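**Q** Protein chains in written order, with UniProt numbering: chain S, 1 to 627; chain Y, 1 to 627. Next up is a structure, given as C-alpha cells.
2 protein chains.
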Amino acid sequence: MKLSITGGKSFDIKEGVTIYETLKANGVFLVSPCGGKGTCGKCQVKVASGGAVVKSYGKLGQKERDDGIVLACLTTANADLQIEIPEHSKLVLGGKIAVSIFKDTAAYLKSYDTGFDPLAKRVSLTLPPPSIQDNIGDLERLSRSLGDIGITTMRYSHEFVSTLMETLREGGFNADIAYSKTNDTSFDAISVYPTGKSLRRFGLAIDIGTTTVVVYLVDLADGTVIDIGSTYNSQTKYGDDVITRIIHATEGGGLADLRDTVVGDINTIVDFFITKHNIKRHDIEAAVISGNTTMAHIFWGLNPASIREEPYIPTINYYPLWDGSQAKLAINPQAALYTTPSIASYVGGDIVSGILASKMHRSSGISLFMDIGTNAEVAIGNDEWIMTAACSAGPCFEGGGIKFGMRATQGAIESISIDPNTLTPSISVIGGEVPAGICGSGMIDAVVELYKAGIINQKGVFNPAKTPLVREGEDGLEFLIYKADNPQRDIVLTTVDMENLIRAKAAIFAGVSLLLREAGLTLDVLEKVYVAGGFGNSLNVEKAIMFGMIPDLPAEKYVFLGNTSIIGAYLTLMSDSLRTELESIASKMTYIELSVVGDYMDEYMSAMFIPHTDFTKFPSVAAVLGM
Amino acid sequence: MKLSITGGKSFDIKEGVTIYETLKANGVFLVSPCGGKGTCGKCQVKVASGGAVVKSYGKLGQKERDDGIVLACLTTANADLQIEIPEHSKLVLGGKIAVSIFKDTAAYLKSYDTGFDPLAKRVSLTLPPPSIQDNIGDLERLSRSLGDIGITTMRYSHEFVSTLMETLREGGFNADIAYSKTNDTSFDAISVYPTGKSLRRFGLAIDIGTTTVVVYLVDLADGTVIDIGSTYNSQTKYGDDVITRIIHATEGGGLADLRDTVVGDINTIVDFFITKHNIKRHDIEAAVISGNTTMAHIFWGLNPASIREEPYIPTINYYPLWDGSQAKLAINPQAALYTTPSIASYVGGDIVSGILASKMHRSSGISLFMDIGTNAEVAIGNDEWIMTAACSAGPCFEGGGIKFGMRATQGAIESISIDPNTLTPSISVIGGEVPAGICGSGMIDAVVELYKAGIINQKGVFNPAKTPLVREGEDGLEFLIYKADNPQRDIVLTTVDMENLIRAKAAIFAGVSLLLREAGLTLDVLEKVYVAGGFGNSLNVEKAIMFGMIPDLPAEKYVFLGNTSIIGAYLTLMSDSLRTELESIASKMTYIELSVVGDYMDEYMSAMFIPHTDFTKFPSVAAVLGM
C-alpha cells in the first residue's frame with residue numbers, strides 16, 4: 001500500500017504500521033513529544049483520501065475529527081492513503097543554537113587556546129615495500145613506521161588487521177591510518193585506508209537528552225560543524241522522565257527496547273546526514289556521547305536499576321573508549337566512542353560537558369551553573385572546586401506536564417505581556433505564525449505577568465473575578481492566552497500547569513540555596529550565573545527573578561548558553577586536551593545529595609511562592625512591587 | 001530419517017547430508033585424511049540395512065563393494081539406515097603424547113622454574129558496599145579495589161561492564177574477576193562472577209596443523225591437562241598442503257570456508273570436552289593457538305595471498321591478544337586468545353613453540369631442531385642466536401601422498417624389518433591389530449630395510465628380480481609389506497611412494513646442510529638434535545640416518561619430542577613469563593629463505609640418494625655398508 005503526502009512524496013505503508021512510524025522511517029518527522037504513544041495529541045495529519053484505520057482519535061476534538069484530522073501515531077492504513085501534514089505538526093529537524101558564543105563553534109574551540117587534536121586522528125604513512133631482505137609482516141611494517149613517528153603502543157583490533165593485506169597493497173604501501181588516543185601513551189587503531197581513498201573524515205557530537213536528541217556532524221579535518229540534526233527522544237513513549245524509563249527498563253524488562261529506540265533516533269539523524277551530504281558511513285570515525293547518567297546507561301544497554309535505588313549508584317561514571325559497533329551506531333564499526341563522565345546518578349556527563357562549555361572551571365571567581373532541561377542540575381565553584389546537585393524540577397520548562405507546553409521551536413509562544421489596564425495578553429511567537437503552544441520562557445512570562453496583573457496570587461491561584469479570560473476549563477480554572485479560530489486550539493494556562501510551574505521553580509531555587517549554603521557562600525560572591533538549557537536568549541532575566549526561579553542578581557551577571565551538553569561533546573570530540581580537561585572537571589566535582597541535606601523540605605516549601613516567602617531574598621522584586 | 005550404528009547410537013540424518021558429516025556433527029569421527037572429499041578411501045562403513053544412496057564407491061575394490069562397504073563421505077540416505085563402523089575406520093580422538101618428557105605436562109612446566117601464571121588469571125575481591133557517602137560507580141568501585149592490589153591499568157570491554165551491576169549485587173559486592181595481562185603494565189578484564197559462582201576455570205592449548213588439529217583442555221587453577229582431543233584438519237578437503245589451501249582461499253574465494261572449517265573442527269572437540277567433563281562453556285577463559293603461518297592466518301580469517309607471492313609476506317607475525325568471539329570459538333566470548341608469533345611465511349608459531357618446548361634457547365651449546373610434520377622446518381642455535389628455514393618436504397611422513405600412508409595411530413605399521421635371507425618383512429602395528437596403513441617411522445624403516453636387502457638401489461628403484469614381493473601394481477612396481485585376506489587391503493609401498501619419500505628426505509637434509517653452512521658451522525658442534533613431529537619414540541635413529549634424512553650423529557644426541565607445537569601452546573597458556581620468553585625466542589630467530597641461497601638445488605640433488613651421494617657425510621652408514 002502507498003502512503004502519499006499531498007504535494008510531496010509517497011512511501012510504502014505496511015498493514016498494522018502507523019502513519020507516524022511510516023513517515024519517521026522515511027525521514028519525515030512529526031511533532032510528538034510523547035514519542036508516538038498517542039497521549040500528546042500533536043502528530044496531527046489530515047486524511048485527504050483513502051483507507052485510514054483510526055485506532056483512536058485521542059485528544060482530538062469533534063471539530064478536528066469532522067475536518068478529517070487524525071493522530072498519525074494512532075492511525076494505520078488498509079488501502080492506499082493520501083494525507084496532508086499541517087505546518088504545526090511538522091517537526092523542524094535542526095534546532096537553533098541558542099546564543100552567540102556558540103554560533104561559530106570552531107571559533108569557540110579556538111578560544112580555549114588548546115591544540116586541535118580530534119578524538120579520531122589520521123596519519124599518512126609511506127612504508128618501505130617488503131623484500132626478501134626486509135620480510136617482516138605487514139602489521140609489523142606498519143607498526144615500525146608508526147614507531148618512527150613516536151607511536152609505539154598502538155592497539156590493533158582483529159577488524160583492523162582483517163583488511164590490512166589488501167589495503168597496503170592497494171595503496172602501494174602508502175596508507176592513511178585512523179586512530180585514537182586511549183591515554184597518555186596508548187593508542188587504538190581505528191581503520192586503515194590506501195592513501196587518497198578516504199579523503200574526508202567526520203565525527204559526531206551527540207547530546208542525548210531525556211526529551212530531545214541533538215547530533216552535530218563535524219568535519220574532523222578542521223572542526224567545522226557541517227550540519228545539526230535533532231529529534232525527540234522516542235523513549236518518551238515509555239515515559240516522560242528518567243524514573244519512569246528506569247522502571248520500564250527494569251521492572252518492565254524493556255532495557256533493550258529503550259536502548260534500540262534512542263540508538264534508532266540517532267541513526268535516523270545519521271542516515272539523514274549521510275544522504276544529504278553524500279558522505280561515507282565508514283568515514284564517520286569518532287563520536288562523543290553526552291547525556292545524563294540514565295540516558296548514557298541506556299544508550300550503552302547498561303541496566304539502570306541501581307540508579308533509582310538508594311544509595312543511587314550508577315554502573316559506571318568514567319566510560320572507557322568503546323566502539324561504533326558496540327554502540328550499534330550506523331557508522332564505522334571501529335569508530336572511537338567517548339562518553340562524557342558523570343558525577344553521580346542524577347548529575348551526568350551533560351552537566352560536566354556544560355561546565356566545560358561555560359569555562360567556569362578556568363576562573364578563580366565563583367560562578368553558578370544551572371542546566372534547566374527535562375530536569376534541573378546546578379553547580380557552584382571555580383578553578384579549584386565545584387559542588388553540584390540535582391533538583392527534582394521535572395520537564396515542564398520543555399513542555400512536559402504543561403497542557404500546551406512545547407519546546408522553543410517554530411510556533412511556540414516565547415514571550416507574553418499583559419496590559420495592566422485591559423488585562424489582555426500580547427504574545428510573540430517563534431517563526432511569527434499562528435501559535436501551536438507555549439515554551440519555557442513564555443510560561444515564565446505568563447506567570448509573572450499574571451501575578452503582576454493580580455490575576456493570580458503569590459501561590460499561583462487564579463482570581464476569576466479579575467477578568468473573563470480566567471475561565472472554567474477541563475482541569476479547573478484556566479487563563480486564555482490565545483483565542484484560536486478553532487476552540488480546540490485555544491492556548492491556555494491551567495491551574496495544573498500553574499502548580500507544576502511553581503513546583504519546578506521551587507525545586508530549582510531550593511537546590512541553588514542549599515548548594516550555596518553547603519559551600520558556605522552567599523549570593524553576592526557569585527561573579528557569573530551560567531544558564532544552560534532550552535531557554536537560550538529568550539529567557540527574560542528580570543521575569544525569571546520575579547518568578548523566584550533564579551537568584552536576584554544583576555542581569556549582567558547572567559550568561560545564557562543554550563544546550564551546553566552538545567557543546568561540551570563537540571569540544572571533547574575536537575581536542576584530546578579538552579577531553580583530559582573534562583575528566584579533570586569531573587574529578588573535582590563533589591556531588592551533594594539534596595534529599596539527605598536536612599533542610600531541603602523547608603527551603604522547597606519557602607520557594608513555593610512567587611517569588612518566595614522571604615522577600616529579603618528578592619530585593620529587586622520587592623522594590624518593583626513596592627513591598 | 002534415522003542413522004543407526006549397530007550396537008550404538010542413532011542420529012537424525014538429513015537428505016543430501018553424507019553419513020560422514022552426520023556422524024561428525026554427532027561426535028563420531030571417522031579416519032579421513034582427505035577431510036571427507038572422497039579421495040582417501042578411508043572412511044569406510046558397512047551398510048547393514050536401509051536406504052543408502054551411494055554417490056560413488058571411490059577407491060573401494062569390488063570385494064569391499066560386495067561386502068556392503070561404502071565410503072561415508074560419498075553416501076547419503078533416502079530412508080532409515082543402519083551401519084557398522086569397522087575398527088580401522090574409527091578415528092581415535094586423543095593422540096598419544098609421544099615422549100616421556102611431556103607425559104606429565106604440569107611437571108614439565110615446573111622444570112622451567114617459572115611462576116605459574118596462566119594467560120587468564122582470577123582475583124577475588126571484597127568491595128566495600130556503596131553508601132550515600134561512598135557513592136562512586138560500580139566500575140570505579142571495582143577499579144579502586146583492583147588498584148589497591150596494584151592493578152591500575154585494567155581495560156574494560158563493553159561486554160564486561162554490561163553485566164557488572166547485577167553481578168556485584170548478586171555476590172553482595174564479593175566478586176571474582178577473570179583477566180589477562182596485555183603487557184608489563186596493562187591488563188584486560190575478561191569476566192566478572194559473583195564470588196563462588198564460577199568455581200572452575202579452563203584454558204585451551206590448540207595446535208592447528210595442516211593435517212591435524214590437537215586441543216588440550218587445561219585446568220587453569222593448577223595446569224592439569226584434563227583431556228586431549230585431536231582430529232584431522234577438515235581443510236584437507238580443500239587441499240593437502242598450505243599452498244593449495246592458499247590458492248583455494250584467494251583465487252577460489254574460499255577463505256571464509258577454510259576458516260569456518262578449522263574453527264568447526266576445534267569447536268567439535270570443545271563440545272566433546274564440555275559434554276564429557278560437564279563444564280561450562282563460559283568458564284573456558286583463555287586459549288593459545290599455535291600453528292604454521294598459513295594456518296594461523298586462516299584461523300583468524302586473514303587473507304593469506306601474500307604468503308605465497310614473492311617476497312612471501314604474512315599479514316602478521318606478532319598477534320595482539322584477541323578474544324573468543326572474534327575467533328568464533330564456542331567458549332567465553334571474552335576469553336583471552338593468544339596466537340604464538342611466527343617468523344616468516346613458512347616458519348610459523350608452531351616452530352617458535354617447538355623451540356620453547358625444546359629449551360634449546362636456554363642452552364649455550366648449539367642444537368639443531370627439526371619439526372617434521374606436513375612440512376619440515378629446521379632451526380639451529382643456542383641461547384644467543386637461532387637461524388631457521390623451511391624445507392619443502394611435503395606431507396608424506398604424515399601419510400600424505402603415500403598410498404597406504406597414515407598417522408601414527410591405531411593400526412599403523414610403525415616398524416618393519418626385512419629378513420636378509422628370506423627377504424620377508426616382519427611388521428609391528430600400533431595397537432597390535434590388523435594393519436590399516438603405514439606411518440612415517442614405518443616408511444623409513446621400509447626404505448632402509450629394502451635398501452639394505454638390495455631390493456631397491458641407492459635411488460630407490462625397485463629390483464623385481466630380487467623377490468616376488470616386488471610386483472607390478474597400479475602405479476608401477478610395488479613392494480608387498482602385508483598380505484591381507486582381502487587383496488584390496490594388501491599394504492604395499494609403491495614406486496611413487498618411494499620417489500616421494502626420497503624427495504622429502506632430500507629436502508630436509510638439504511635444509512639442514514644449508515642452514516649449518518649459513519651459520520658457518522659443521523655437524524660436530526651440535527650438542528643435541530631435537531626432533532619434533534608425529535614420529536615420537538618410534539623413529540629408529542639409526543635407520544633415519546641410513547635413509548639420509550637426519551645428520552649422522554650418535555643416537556644419544558637425538559631427543560624426540562613429539563608434537564612440540566601443542567606443548568609450546570600449553571606452556572604459553574600456563575605462564576606469562578614463558579609467553580614473554582616465547583616472544584623473545586621469536587625476536588632472535590633469523591629466517592633464511594633457502595630458495596634464494598645459491599646452492600640449494602645442488603644440496604638437494606646430492607641428497608636424492610640413500611643416504612647421499614657423498615658417503616663422507618654419513619661415515620656410520622659407510623661403515624655399516626662396508627663402503
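No residue lacks a Cβ here, since even glycine has one placed at the ideal position from N, Cα and C. Small disclaimer: the values here were computed from a predicted structure and weren't measured.
Restricting to Cα atoms, I'd like to know which of Asn317(Y), Pro468(Y), Arg281(Y) is closest to Val161(S).
**A** Asn317(Y)
**Q** Under 7 Å Cβ-Cβ, which residues of chain S neighbour Arg155(Y)?
**A** Chain S residues near Arg155(Y): Pro320.
**Q** Consult DSSP for Arg122(S) and reduce its assignment to one of helix, strand or coil.
**A** strand
**Q** Specify, as a first and last residue, the run of the beta strand (DSSP E) that Pro129(Y) falls within.
**A** Neither: Pro129(Y) is in no beta strand (DSSP E) and is coded neither H nor E.
**Q** Skipping 5 residues on each side, what residues in its chain have a beta carbon closer than 8 Å to that of Ile592(Y)?
**A** Here the set comprises Met387, Thr388, Ala389, Leu514, Leu515, Glu518.
**Q** Provide the residue span of the alpha helix (DSSP H) that contains Arg259(S), from first to last.
**A** 255 to 277
**Q** Can you check whether the C-beta of Pro128(S) is within less than 7 Å of a C-beta belonging to chain Y?
**A** no
**Q** Mind checking if Ser100(S) is an interface residue toward chain Y, Cβ cutoff 7 Å exclusive?
**A** Because the pLDDT at Ser100(S) is just 45, under 50, the model does not fix this residue reliably, and the point stays unresolved.
**Q** Where Asn26(Y) and Ile455(Y) are concerned, what is the direct C-alpha to C-alpha distance, given to the nearest angstrom?
**A** Cα to Cα, the separation comes out at about 47 Å.
**Q** Quick one: what's got a C-beta closer than 6 Å to Leu127(Y)'s C-beta in the same chain, skipping five residues either side?
**A** The residues are Arg141, Ser145, Phe173.
**Q** Going by C-alpha distance, which of Ser353(S), Tyr20(S), Ile149(S) is nearest residue 664(S)?
**A** Because chain S here runs from 1 to 627, residue 664(S) falls outside it and cannot be looked at.
**Q** Does the pairing of the region 370 to 387 of chain S with the region 522 to 537 of chain S give three or more beta-carbon distances under 8 Å?
**A** yes
**Q** To the nearest angstrom, how far is it from the Cα of Asn540(S) to the Cα of Ser441(S)?
**A** 7 Å
**Q** Give the C-beta separation of Ile430(S) and Gln410(S) to the nearest angstrom, bearing in mind that I take them to be a contact with Cβ-Cβ under 8 Å.
**A** 6 Å
**Q** So Ala344(S) contacts chain Y; which residues on that side make the cut at Cβ distance below 8 Å?
**A** Within chain Y, the residues near Ala344(S) are Asn135.
**Q** When the Cα atoms are used, what is the spatial distance from Tyr108(Y) to Phe102(Y)?
**A** 6 Å
**Q** What separation, rounded to the nearest whole angstrom, lies between the Cα atoms of Leu321(S) and Asn183(S)?
**A** 10 Å
**Q** For chain Y, check one thing: does any of its Cβ atoms lie closer than 7 Å to the Cβ of Leu30(S)?
**A** no
**Q** What residues of chain S sit near Trp385(Y), judged by a beta carbon separation below 9 Å?
**A** Neighbours of Trp385(Y) on chain S: none; closest Cβ ~18 Å, over 9 Å.
**Q** Assuming Gly61(Y) and Tyr232(Y) form a contact by the criterion Cβ under 8 Å, report the distance between their Cβ atoms to the nearest whole angstrom.
**A** Between Tyr232(Y) and Gly61(Y) the Cβ distance is about 23 Å, and since that is not below 8 Å, they are no contact.
**Q** Please state the DSSP three-state secondary structure of Ile331(S).
**A** Judged by DSSP in its simplified three-state form, Ile331(S) adopts coil rather than helix or strand.
**Q** Would Asn78(S) be called buried (16 or more neighbouring beta carbons within 10 Å of its own) or exposed?
**A** exposed
**Q** Could you name the residues of the region 137 to 153 of chain S whose beta carbon sits closer than 7 Å to any beta carbon of chain C, in the order they occur along the chain?
**A** No chain C appears in the structure shown, which is made up of the protein chains S and Y.
**Q** Starting from Ile502(Y) and walking both ways along the beta strand (DSSP E), at which residues does that stretch end?
**A** Not the beta strand (DSSP E): Ile502(Y) falls in the alpha helix (DSSP H), residues 495 to 518.
**Q** In the structure shown, what three-state DSSP assignment does Asp176(Y) receive?
**A** If DSSP states are grouped into helix, strand and coil, Asp176(Y) belongs with the strands.
**Q** Taking the C-alpha atoms as reference points, what is the distance between Glu170(S) and Asn382(Y)?
**A** 41 Å
**Q** Among the residues of its own chain, which have a CB less than 7 Å from the CB of Thr75(Y), if the five just before and after it don't count?
**A** Thr18, Ile19, Ala52, Val53, Val54, Lys55, listed in sequence order.
**Q** Closer than 8 Å, Cβ to Cβ, to anything on chain S: give me those residues from the region 572 to 596 of chain Y, in chain order.
**A** Tyr591, Glu593, Val596
**Q** So what's Met360(Y) in DSSP terms, helix, strand or just coil?
**A** helix
**Q** In chain order, what residues of the region 295 to 307 of chain Y put their CB closer than 8 Å to some CB of chain S?
**A** Trp300, Gly301, Leu302, Asn303, Ala305, Ser306
**Q** Would you say Gln82(S) faces chain Y, with C-beta separation under 7 Å as the test?
**A** Output row for Gln82(S): interface = no.
**Q** Under 7 Å between C-beta atoms, does Gly161(S) make it to chain Y?
**A** Strictly speaking, residue 161(S) in this sequence is Val, with Gly absent from that position. Cβ-Cβ to chain Y under 7 Å: yes for Val161(S).
**Q** Less than 6 Å between C-beta atoms, sequence neighbours within five positions excluded: which residues of the same chain meet that for Ile243(S)?
**A** Hits under 6 Å: none found.
**Q** Taking the alpha helix (DSSP H) that Thr250(Y) belongs to, which residues open and close that run?
**A** 242 to 250
**Q** For residue 675(S) and Ser345(Y), what's the separation of their Cα atoms in angstroms?
**A** Residue 675(S) lies beyond the range of chain S shown here (1 to 627); nothing can be said about it.
**Q** If you follow the alpha helix (DSSP H) that Ile583(Y) is in, where does it begin and where does it stop?
**A** Strictly speaking, residue 583(Y) in this sequence is Glu, with Ile absent from that position. Segment 576 to 588, the alpha helix (DSSP H) holding Glu583(Y).
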